[in-house]
Amino acid sequence: MATAPIALVSMPSLRDDIPSFQLALLKPTLEQAGYTVVPHSVFLHFSSFIGSTLNQALAEVHMSLAGEWIWSRAAFGEVKPSHEYLSRFHHDLVSICEPAGVGPEVLLELRDERCPQFIERLVEDHDWSQYAFVGFTVVFQQMLASLALAKALKRKYPTLPIVFGGATFEDDIAAEVMAHCPFVDVVHCGDADQTLPELARRVAKRLPLDGLPGAMFRGPDGAVRFNGRAPNLEQMDLTPMPDFDEFIALRDDLELERKGALMLPIETARGCWYGMKNHCTFCGLNRQGMAFRSKSPAQVLEMLKHLSRRYGTRHFNAIDNILAPEYAEALFGVLAEAKTDLELHYEIRPTVSRAQLRSMRRGGLISVQPGVESFSTHVLTLMKKFTTGIKNVELLKWTAYFQISNAYNLLYGFPGETVDDAKLHAKVIPQLFHYQPPYGMVKARPDRGSPMYEKPVEQKMGTLVPVAVYQHLYPPEFDLNKISYYFDDTRTDVPPRETYDESLALVEEWTERWKDSERPSLTSFKTPGSLSIHDERHGRRVATRFDDRAAELYEFCADARRTVDVVEQFGADRPWLDATLEEMIEKQLLLELDGRYLALALPVNPHH
Ligand code: SF4
12 MATAPIALVS MPSLRDDIPS FQLALLKPTL EQAGYTVVPH SVFLHFSSFI
62 GSTLNQALAE VHMSLAGEWI WSRAAFGEVK PSHEYLSRFH HDLVSICEPA
112 GVGPEVLLEL RDERCPQFIE RLVEDHDWSQ YAFVGFTVVF QQMLASLALA
162 KALKRKYPTL PIVFGGATFE DDIAAEVMAH CPFVDVVHCG DADQTLPELA
212 RRVAKRLPLD GLPGAMFRGP DGAVRFNGRA PNLEQMDLTP MPDFDEFIAL
262 RDDLELERKG ALMLPIETAR GCWYGMKNHC TFCGLNRQGM AFRSKSPAQV
312 LEMLKHLSRR YGTRHFNAID NILAPEYAEA LFGVLAEAKT DLELHYEIRP
362 TVSRAQLRSM RRGGLISVQP GVESFSTHVL TLMKKFTTGI KNVELLKWTA
412 YFQISNAYNL LYGFPGETVD DAKLHAKVIP QLFHYQPPYG MVKARPDRGS
462 PMYEKPVEQK MGTLVPVAVY QHLYPPEFDL NKISYYFDDT RTDVPPRETY
512 DESLALVEEW TERWKDSERP SLTSFKTPGS LSIHDERHGR RVATRFDDRA
562 AELYEFCADA RRTVDVVEQF GADRPWLDAT LEEMIEKQLL LELDGRYLAL
612 ALPVNPHH
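Each residue of the sequence shown is one higher than the one before, counting from 12 in our numbering.
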């Protein structure tokens with residue numbers, strides 16, 4: 012098939028230390044169909060242009076969406092006076108700029124001068140006329156930069172087709188882009204694996220797109236047409252080996268401030284097996300792609316072998332929403348058996364057991380993102396997590412013990428929450444200072460696609476309104492209800508905001524304490540017949556020793572134990588048992604939660 016090459020573009024704002032998985036997957040997907048593909052990791056060029064530190068800060072999603080705002084002038088001209096944005100989001104912008112040692116005025120300079128110049132240079136320094144079309148993959152904060160480049164390309168090359176796609180687009184957002192961005196010719200919605208080659212063929216040959224699933228386009232009359240979402244790819248084993256060559260070569264060429272160890276994204280599953288049964292009420296991931304599909308463990312192993320050989324790295328970050336349950340044994344078990352030194356990150360259900368964590372750690376699981384969200388079983392039930400507070404604390408304990416980095420959040424503000432839920436957090440959190448703190452404790456949001464967004468009445472969310480920052484991103488002709496991802500609401504049935512002040516302050520203290528060179532600790536060590544505990548969670552060392560039966564009781568509660576089990580084991584002398592439990596709880600060495608007892612100290616012996 013002799014067609015012109017296809018350009019695939021990944022724009023800022025995106026971190027510069029991880030390649031775009033979308034480019035890495037779509038390139039071989041099109042190549043298998045006979046096309047020549049030229050990927051453009053433009054986000055890397057941008058990082059080199061403004062400096063890595065500022066780039067990484069902009070790539071994080073902040074309430075100011077600064078990573079989008081800096082492209083608003085290049086995309087749309089003056090949307091709203093900049094001083095309104097700068098004063099409204101002053102604190103947020105200061106914290107974004109601080110690590111780079113600059114002030115928010117730099118963002119204004121970026122928006123008004125440097126980003127438009129960057130786009131102009133991109134257009135002028137490259138011959139885009141050589142391509143059959145230019146495809147943009149859009150996730151997170153890549154929308155405005157993509158629109159800015161697409162618009163500039165269309166201005167210079169009016170007949171060059173522009174195609175958008177990526178996880179950002181379901182029909183609602185896609186329709187809004189098509190309605191107000193005439194320089195975008197096609198938006199692809201849904202999994203591109205099966206439909207993109209045919210879409211490429213028709214776009215390259217200027218053939219009509221009628222009947223092609225996934226394609227939203229303009230007909231000859233100018234009206235937007237949509238053939239429905241592309242089907243989910245059911246057999247994940249059909250996806251080709253990702254190709255990161257362009258990113259690696261460019262990263263080697265460019266002058267970046269920092270080049271850490273290379274970590275490659277991998278995709279081993281799509282959708283969420285848990286969300287298929289119980290969609291967590293705040294979760295806006297997946298949208299129409301919730302059905303869970305995963306690669307066979309054998310193929311994942313083959314992929315890890317190929318990528319580690321080709322790119323000389325042992326660090327991999329799975330972009331999956333949730334770990335496929337069978338991987339615990341069939342993937343990590345095999346890696347453990349082979350004694351490899353691979354290091355992998357996965358998102359997991361917080362209900363994995365100590366034994367599973369141990370075996371996965373041996374297989375290279377060094378970092379997880381579990382859906383902890385709360386220590387209150389009541390709140391976890393409200394959000395449909397259907398796990399328990401004590402189970403979450405156990406997860407924190409065993410990830411700390413096995414030295415698995417744990418990136419989690421705490422959420423509050425679910426309708427139905429009570430003052431007691433907030434009090435529970437204020438009581439539990441100070442006892443956990445020796446475990447990894449959360450990223451933060453934030454109010455649960457009704458993100459687009461979440462049950463809180465889709466069913467606001469049932470979820471008692473009141474009226475949903477796009478968050479104010481979108482007024483600074485899109486011109487007035489856009490319907491912000493259709494293009495926005497983040498929303499404010501008028502939820503009812505929640506305690507007043509100040510109810511959470513104590514928990515929020517404690518989380519802040521916890522986070523600060525973890526920045527100390529001497530982190531808080533609570534450790535236990537065993538000697539014949541005794542268990543000694545050193546408590547340094549709150550600045551001073553408190554030593555406690557339990558002997559004989561008390562030592563056995565504490566050890567018995569290493570995993571959370573039900574009261575009935577504790578009584579069965581140690582209840583022969585009930586007054587002694589009650590008094591010993593009370594002492595352990597009073598010293599905050601044992602947590603009593605959800606009718607269970609959990610020993611909080613981390614054994615110093617790493618081989619249990
Ligand atoms: S929050 Fe996680 S577990 Fe819940 S539905 Fe979303 S992806 Fe699935």
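Quick reminder that beta carbons are idealized off the backbone N, C-alpha and C, glycines included.
For Asn289, DSSP assigns no beta-bridge partner whatsoever.
In the DSSP annotation of this structure, the continuous segment of the beta strand (DSSP E) that includes Phe536 starts and ends at Ser532 to Thr538.
When Cβ pairs closer than 8 Å are counted between the two stretches, the segment 594-610 is seen to touch the segment 439-458, the count reaching three or more. Per the coordinates, the alpha-carbon of Ile107 lies some 40 Å from the alpha-carbon of Ser535. A check of alpha carbon separations from Thr501 across Gln367, Val476, Met301 and Ala70 identifies Val476 as the nearest.
Note that the C-beta distance between Arg240 and Gly460 is not below 8 Å. Around the ligand SF4, the residues selected by a Cβ distance under 6 Å to any of its heavy atoms are Cys283, Tyr285, Gly286, His290, Cys291, Cys294, Leu296, Asn332, Ile333 and Gly382, following chain order. Beta-bridge pairing by DSSP links His51 to Val20. In the DSSP assignment, Glu469 falls outside any beta strand (DSSP E) and carries neither an H nor an E.
Arg281 sits buried, since 16 or more C-beta atoms from the chains shown fall within 10 Å of its C-beta. For Leu121, the CB contacts under 6 Å within the same chain, skipping 5 residues up- and downstream, are Ile81 in chain order. With respect to the 8 Å criterion, Phe87 and Pro486 are classified as neighbours on the basis of their beta carbons. Residue nearest to Gly295 within the set Arg456, Leu533 and Ala44 is Arg456 (criterion: CA-CA distance). The segment 20-30 and the segment 64-74 touch, with no fewer than 3 CB-CB distances between them shorter than 8 Å.
Sequence-distant Cβ neighbours of Ile29 in its own chain, meaning closer than 7 Å and more than five residues away, are Met274, Pro276 and Asn328.
Our two residues, Phe180 and Ala15, have alpha carbons roughly 26 Å apart in a direct line. Around the beta carbon of Gly114, fewer than 16 other beta carbons lie within 10 angstroms, which makes this residue exposed.
By the Cβ-count criterion, Ser387 is buried, with 16 or more other Cβ atoms from all chains shown falling within 10 Å of its own Cβ.
The residue from Met154, Val235, Ala215 and Gly201 with its alpha-carbon nearest to that of Ala190 is Val235. When secondary structure is reduced to three states using DSSP, Phe303 falls in the coil class, being assigned neither helix nor strand.
In this structure, DSSP gives Met154 a helical state, which the three-state scheme calls helix. Judged by DSSP secondary structure, Gln43 falls within the alpha helix (DSSP H) whose first and last residues are Phe32 to Gln43. Boundaries of the alpha helix (DSSP H) harbouring Thr574: Thr574 to Phe581, taken from the DSSP string. Ser541: member of the beta strand (DSSP E) spanning Ser541 to Glu547, first to last residue.
In the structure shown, the three-state DSSP call for Ala349 is coil. With a threshold of 16 other beta carbon atoms within 10 Å, Pro361 meets it and is buried.
Spanning the alpha carbons of Tyr608 and Asp103 requires a straight line of approximately 41 Å.
In the DSSP assignment, Gln380 falls within the beta strand (DSSP E) that extends over Leu376 to Pro381. A distance of 8 Å or more separates the beta carbons of Glu513 and Pro531. Looking at the DSSP output, Ala241 bridges to Gly201. A direct Cα-Cα distance of roughly 8 Å separates Ala186 from Met227. Within the same chain, Pro308 come within 7 Å of Glu337 by CB-CB distance, once the 5 residues on both sides are set aside. Every unbroken stretch of the alpha helix (DSSP H) spanning 4 or more residues and falling wholly within the segment 51-118 is given here in chain order: 53-61, 63-70, 77-80, 83-87, 93-99 and 101-108. In this structure the segment 405-423 does not lie against the segment 311-319, because fewer than three pairs of beta carbons, one per stretch, are closer than 8 Å.
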